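Numbering (my numbering), first residue to last: 51 to 344. Beta carbons are placed, not taken as given, at the ideal position from N, Cα and C, and that holds for glycine. In this text, all values refer to a predicted model and were calculated from it rather than measured experimentally. The structure under discussion appears below in the form of structure tokens.
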Amino acid sequence: MTFTVMITTKNRATDLRRTLQVLRELNPAPVEILVTADGCTDETVEIVKAEMLKAESQEQEGGKLKLIVNEAGKGSVASRDWMMREARGDLVLALDDDSYPEQSDCLARIAPMFEQNPKVAIAHFPQRTDEYPETLLQTDFGPARPTRSFANSGAVLRRSTYLQLPGFEPKFFHMYEEPDYALQCVAAGYEVLFTPQITIRHHYSGATRSELRNHHRHSRNEMWSVWLRCPFSQCFGLALYRTFSQFRYACKRGGGWVIREPVWWWQALKGISYCLKKREPIAWKHYRAWLKLK
């Protein structure tokens with residue numbers, strides 16, 4: 051099976067350069083590496099073009115680097131959706147600009163799992179990340195198991211499955227596309243599998259990140275996912291539960307977060323008409339089966 055690597059990036063040129071250097075050492079190499087510079091204002095585009103010239107000068111056949119430039123940011127979700135649809139590989143390794151596999155033979159390790167298990171739509175892997183320092187020296191990440199979500203900073207997606215389903219919802223812009231797509235996969239009879247087959251090094255850059263903004267986007271998109279996928283008979287109850295759950299989380303973060311909760315409430319309300327027009331509800335038995343996963 052052939053592989054594409056996809057990365058979406060915004061103003062993290064140093065992190066991206068390090069990741070591209072690691073990807074050059076993959077053996078076997080992917081057929082292509084797609085990088086979307088999404089509204090970048092730093093030297094990201096110049097760095098990618100320099101890496102492309104370097105690869106050409108060294109006559110590297112594998113892992114051809116391709117650059118997509120969004121002059122105005124479209125968001126990481128829309129960028130990944132576009133790359134998934136344009137990819138040439140059978141399997142797509144999704145990474146962040148600050149994450150990469152720790153094993154140079156990772157693609158050879160992953161391919162047999164997808165070849166032997168046609169129902170695996172997504173495989174995702176343990177991450178050694180600076181966000182959780184205890185993982186940096188961790189060796190035991192537990193056994194393989196089905197899950198209800200994954201992280202695009204270290205996952206492989208079967209492209210043929212992706213093209214059968216709605217896929218990542220571009221309106222999300224950033225955050226929550228992973229559980230929403232995992233729900234689609236589980237409902238269609240596919241599996242989202244966590245496996246320690248390889249490990250991902252995630253430097254988890256703080257550049258361009260805002261915890262509060264990400265909380266608002268995650269909460270808003272979670273609500274939109276309910277209106278897009280959940281049957282009407284359970285929709286209102288689940289929407290209320292999601293709102294309460296996120297408010298409870300905000301309370302744990304302090305008063306500054308609590309008083310800003312209405313920001314995402316209003317954003318979510320503004321998008322409900324869009325969600326209702328685009329609804330593709332999932333049978334409750336499948337939705338509930340997904341909810342029971344961890």
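Query raised in the report: What three-state label does DSSP hand Pro-229 in the structure shown?
Result: Along the sequence shown, one-based indexing puts residue 229 at 179. Of the three classes helix, strand and coil, the one that applies to Pro-229 here is helix, per DSSP.
Query raised in the report: Got a sec, what are the start and stop residues for the beta strand (DSSP E) Ser-323 sits in?
Result: What you label residue 323 is simply residue 273 of the sequence shown in a count that begins at 1. Here Ser-323 belongs to no beta strand (DSSP E); instead the alpha helix (DSSP H) covers 311-327.
Query raised in the report: With DSSP run on the structure shown, which of helix, strand or coil describes Asp-65?
Result: The count along the sequence shown starts at 1 and reaches residue 65 at position 15. DSSP places Asp-65 in the helix class (H, G or I) of the three-state scheme.
Query - Backbone secondary structure at Tyr-240 - three-state DSSP - result: The residue labelled residue 240 in the question sits at position 190 within the sequence shown. Coil.
Query raised in the report: Secondary structure at Met-51, three-state DSSP: helix, strand or coil?
Result: As a first step, residue 51 is located in the sequence shown; it is residue number 1 there, counting from the start. Under the three-state reduction of DSSP output, Met-51 falls in the coil class, being neither helix nor strand.
Query - Residue from Phe-175, Leu-187, Pro-216 with nearest C-alpha to Pro-196 - result: Counting from one through the sequence shown, the residue named residue 196 turns up at place 146. Selected option, being the one with the closest Cα: Phe-175.
Query raised in the report: Per DSSP, what kind of secondary structure is Thr-197 in: helix, strand or coil?
Result: As a working mapping, residue 197 is identified with position 147 in the sequence shown. Thr-197 falls in the coil class under three-state DSSP.
Requested in this report: Tell me, please, which residues DSSP counts as bridged to Tyr-150.
Outcome: Here residue 150 is taken as the residue at index 100 of the sequence shown, counted from 1. Paired residues: Arg-251.
Query raised in the report: Three-state secondary structure (DSSP) at Glu-82?
Result: Here residue 82 refers to the residue found at position 32 when the sequence shown is read from its first residue. DSSP, reduced to helix, strand and coil, places Glu-82 within a strand of the structure shown.
Query raised in the report: To which residues does DSSP link Thr-179 through a beta bridge?
Result: In the sequence shown, the residue the question calls residue 179 occupies position 129. Secondary-structure assignment with DSSP links Thr-179 through a beta bridge to His-252.
Query raised in the report: Is the beta carbon of Arg-292 sitting closer than 8 angstroms to the one on Glu-261?
Result: For the purposes of this step, residue 292 is taken as residue 242 along the sequence shown, with counting starting at 1. For the purposes of this step, residue 261 is taken as residue 211 along the sequence shown, with counting starting at 1. Going by C-beta atoms, Arg-292 is not nearer than 8 angstroms to Glu-261.
Query raised in the report: CA-CA distance, Ala-318 and Lys-124?
Result: In the sequence shown, residue 318 corresponds to position 268, counting from 1. In the sequence shown, residue 124 corresponds to position 74, counting from 1. Roughly 18 angstroms between the two C-alpha positions.
**Report entry** Identity of the residues DSSP links to His-174 by a beta bridge
**Finding:** On the sequence shown, position 124 is the one that residue 174 refers to. Paired residue(s): Ala-205, Phe-244.
Query raised in the report: How long is the line joining the alpha carbons of Gly-192 and Pro-246, rounded to whole angstroms?
Result: In the sequence shown, the residue the question calls residue 192 occupies position 142. In the sequence shown, the residue the question calls residue 246 occupies position 196. Going from the Cα of Gly-192 to the Cα of Pro-246 covers about 7 angstroms.
Report task. Please classify Gln-166: is it buried, with 16 or more other beta-carbons within 10 angstroms of its beta-carbon, or exposed? Result -> On the sequence shown, residue 166 is found 116 positions in, with the first residue counted as 1. Around the C-beta of Gln-166, fewer than 16 other C-beta atoms lie within 10 Å, and the residue is accordingly described as exposed.
Query raised in the report: beta strand (DSSP E) containing Lys-114: first to last residue?
Result: Locating residue 114 in the sequence shown gives position 64, counting from the first residue. In the DSSP assignment, Lys-114 falls within the beta strand (DSSP E) that extends over 114-120.
Query raised in the report: Do you know offhand how far Lys-99's Cα is from Ala-289's?
Result: Here the question's residue 99 lines up with position 49 in the sequence shown. Here the question's residue 289 lines up with position 239 in the sequence shown. Rounded to the nearest angstrom, the two C-alpha atoms are 45 angstroms apart.
Query raised in the report: Near Ser-154, which residues of its chain fall below 8 angstroms by C-beta distance, leaving aside the five closest residues on each side in sequence?
Result: Translated into positions along the sequence shown, residue 154 becomes position 104. Taking C-beta separations shorter than 8 angstroms and ignoring five residues to either side along the sequence, the partners of Ser-154 in its chain run Glu-75, Leu-76, Asn-77, following chain order.
**Report entry** Span separating the alpha-carbon of Thr-91 from that of Val-85
**Finding:** Here residue 91 refers to the residue found at position 41 when the sequence shown is read from its first residue. Here residue 85 refers to the residue found at position 35 when the sequence shown is read from its first residue. Just so you know, the alpha carbons of Thr-91 and Val-85 end up roughly 15 angstroms apart.
Report task. Look at Ala-144 and Val-119 and say whether their C-beta atoms are less than 8 angstroms apart. Result -> The residue you call residue 144 lines up with position 94 of the sequence shown. The residue you call residue 119 lines up with position 69 of the sequence shown. Note that the C-beta distance between Ala-144 and Val-119 is not below 8 angstroms.
Query raised in the report: Quick one: is Lys-335 buried, meaning 16 or more other Cβ sit within 10 Å of its Cβ, or exposed?
Result: Counting from one through the sequence shown, the residue named residue 335 turns up at place 285. Counting every other CB atom within 10 Å of its CB across the protein chains shown gives Lys-335 a total below 16, marking it as exposed.
Query raised in the report: What does a CB cutoff of less than 6 angstroms around His-252 pick up in its chain, not counting 5 residues either side in sequence?
Result: Reading the sequence shown from its first residue, position 202 is the one you call residue 252. Taken in chain order, the residues that qualify are Ser-149, Gln-177, Thr-179, Ser-203.
Report task. Would you mind giving the Cβ-Cβ distance between Lys-58 and Ser-126, rounded to the nearest angstrom? I have them listed as a contact below 8 angstroms. Result -> Along the sequence shown, read from residue 1 onward, the residue named residue 58 stands at position 8. Along the sequence shown, read from residue 1 onward, the residue named residue 126 stands at position 76. Correcting the residue identity first, residue 58 is Thr in this sequence and not Lys. Right, their Cβ atoms sit about 5 angstroms apart.
Query - Neighbour-count burial assignment, Asn-264, 16 or more Cβ in a 10 Å radius - result: Residue 264 sits at position 214 when you count from the first residue of the sequence shown. Result: exposed.
Query raised in the report: Thr-91 by DSSP, collapsed to three states: which one?
Result: Your numbering for residue 91 matches position 41 in the sequence shown. It is coil, neither helix nor strand.
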